[in-house]
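Data block below; observations after.
Protein chains: 2
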Amino acid sequence: MSFQLDEFLPYRLSVAAAQISRRFAARYAQEAGLTIPEWRVLAHLDHSGAVSVRDIHARVNLDKSMVSRAATRLEQAGLLRKDGHRTDRRLIVLELTDEGRDLMLRLGRIATQFQDELLAELGKDGPALRRALAQLSDG
Amino acid sequence: MSFQLDEFLPYRLSVAAAQISRRFAARYAQEAGLTIPEWRVLAHLDHSGAVSVRDIHARVNLDKSMVSRAATRLEQAGLLRKDGHRTDRRLIVLELTDEGRDLMLRLGRIATQFQDELLAELGKDGPALRRALAQLSDG
DNA sequence: ATATATTCGTTGCAATCGCAATGAATCGGA
DNA sequence: TCCGATTCATTGCGATTGCAACGAATATAT
Numbered sequence: 001m002s003f004q005l006d007e008f009l010p011y012r013l014s015v016a017a018a019q020i021s022r023r024f025a026a027r028y029a030q031e032a033g034l035t036i037p038e039w040r041v042l043a044h045l046d047h048s049g050a051v052s053v054r055d056i057h058a059r060v061n062l063d064k065s066m067v068s069r070a071a072t073r074l075e076q077a078g079l080l081r082k083d084g085h086r087t088d089r090r091l092i093v094l095e096l097t098d099e100g101r102d103l104m105l106r107l108g109r110i111a112t113q114f115q116d117e118l119l120a121e122l123g124k125d126g127p128a129l130r131r132a133l134a135q136l137s138d139g
Numbered sequence: 001m002s003f004q005l006d007e008f009l010p011y012r013l014s015v016a017a018a019q020i021s022r023r024f025a026a027r028y029a030q031e032a033g034l035t036i037p038e039w040r041v042l043a044h045l046d047h048s049g050a051v052s053v054r055d056i057h058a059r060v061n062l063d064k065s066m067v068s069r070a071a072t073r074l075e076q077a078g079l080l081r082k083d084g085h086r087t088d089r090r091l092i093v094l095e096l097t098d099e100g101r102d103l104m105l106r107l108g109r110i111a112t113q114f115q116d117e118l119l120a121e122l123g124k125d126g127p128a129l130r131r132a133l134a135q136l137s138d139g
């Protein structure tokens, strides 16, 4: 009996994640042409307030080089500000501008709406999916 | 109330998929240093027998350029053979060599073992996860 | 106090990816 | 039958990625 890739959990997970990312990117492309790293940095900043590159790197599953580059692009787009830390001059503090917060308000609505649709599609399996993903991410 | 990335399904899905892929890659790295596309091509061939690049491309969620390049590398490693199709000379038929089948036997055991461990971690949420991933992939 | 180690953000670089273009082969319609 | 459209695999190329190296700043140990 040969191995069946279609039934293999890591494969199914990877395909589903790519598919959903594509669907979601299509949604917010209308509001803003963000890459996935840019979206993550923006979204995290909206929730966390002013934090360093390292902070985002640790929390958002992005290499620090990606955070750095995404932040540079977002800064050029006027969506966030970079400031030096008061006491530790190694740190760079990132914070959304008004424009950035504004954009996240719109994107947050789109994201929530999208998630609601997904959960509706999933029906009763939604909560189990949530638990399973949490379990797998820590594992 | 600001948007919470941690609770956002597409994000959780993406993080979980990356994490699981890493864990699994660490397992089979001991047996063979394969990339993910190489692993997918090999695994699919093991199950499907001799098929064309296009076939794999359609079934395995890989761009055909990646299938082509992965196949070239696997051929150089002696794990598969490329042959012309009997009647349609546009097609290239890929087929595992004995060595390739041998490797997949070992990798298949590792993969099954890994999946069993994951399902044990997931407990009763396993079946729901399976259904949810199927739903999301088609969506 | 001073040298060594560590942390932080950025940058360089090679590898990878996705998309489009290419060229060969086949198909389909007039 | 013959020519344009389509299908197939490969290749080129720009963009993205992950890793390692770097320079600056801070922490730590003696």
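Those sequence lines, one after another, are chains A and B.
Numbered as in the UniProt record's numbering, the first sequence ends at 139 without a single skipped number.
Numbered as in the UniProt record's numbering, the second sequence ends at 139 without a single skipped number.
The beta-carbon is built from N, C-alpha and C at its ideal position, and this holds for glycine as well.
Just so we're clear, the structure is a prediction, and the values are computed from it rather than from any experiment.
Nearest neighbour of Asp88 (chain A) by Cα position, chosen from A:Val60, A:Ser52, A:Thr97, turns out to be A:Ser52. In the DSSP annotation of this structure, Asp125 (chain B) is not part of any alpha helix (DSSP H), being labelled neither H nor E. Relative to the Cα of His44 (chain A), the nearest Cα in the group B:Arg22, B:Glu7, B:Ala71 belongs to B:Glu7. Beyond the five residues adjoining it in sequence on each side, Leu103 (chain B) comes within less than 8 Å, by CB distance, of Glu31, Ala32, Leu42, Leu79 in the same chain, given in chain order. Within the stretch 79-100 of chain A, contact with chain B at the beta-carbon level (separation under 7 Å) is assigned to no residue. Residues of chain A with a Cβ closer than 9 Å to the Cβ of Ser65 (chain B) do not exist, since the nearest Cβ in that chain sits about 16 Å away. At a cut-off of 8 Å between beta carbons, Gln19 (chain B) contacts chain A.
When secondary structure is reduced to three states using DSSP, Arg22 (chain B) falls in the helix class. Taking 8 Å as the CB threshold, Arg23 (chain B) lines the interface with chain A.
Interface flag for His57 (chain B) against chain A is unset, since no Cβ pair is found closer than 8 Å. Between Ala77 (chain A) and Asp55 (chain A), the alpha-carbon positions lie close to 22 Å from each other. Nearest in C-alpha terms to Gly123 (chain A), of all of B:Ala132, B:Ala25, B:Asp63, B:Leu5, is B:Ala132. Judged by their CB atoms, Asp46 (chain B) and Arg101 (chain B) are nearer to each other than the 8 Å cut-off.
With contact defined as three or more Cβ pairs closer than 8 Å, the stretch 107-116 of chain A and the stretch 19-29 of chain A are in contact. For Arg131 (chain B), the chain A residues whose Cβ falls inside 8 Å of its Cβ are Asp125, in order along the chain.
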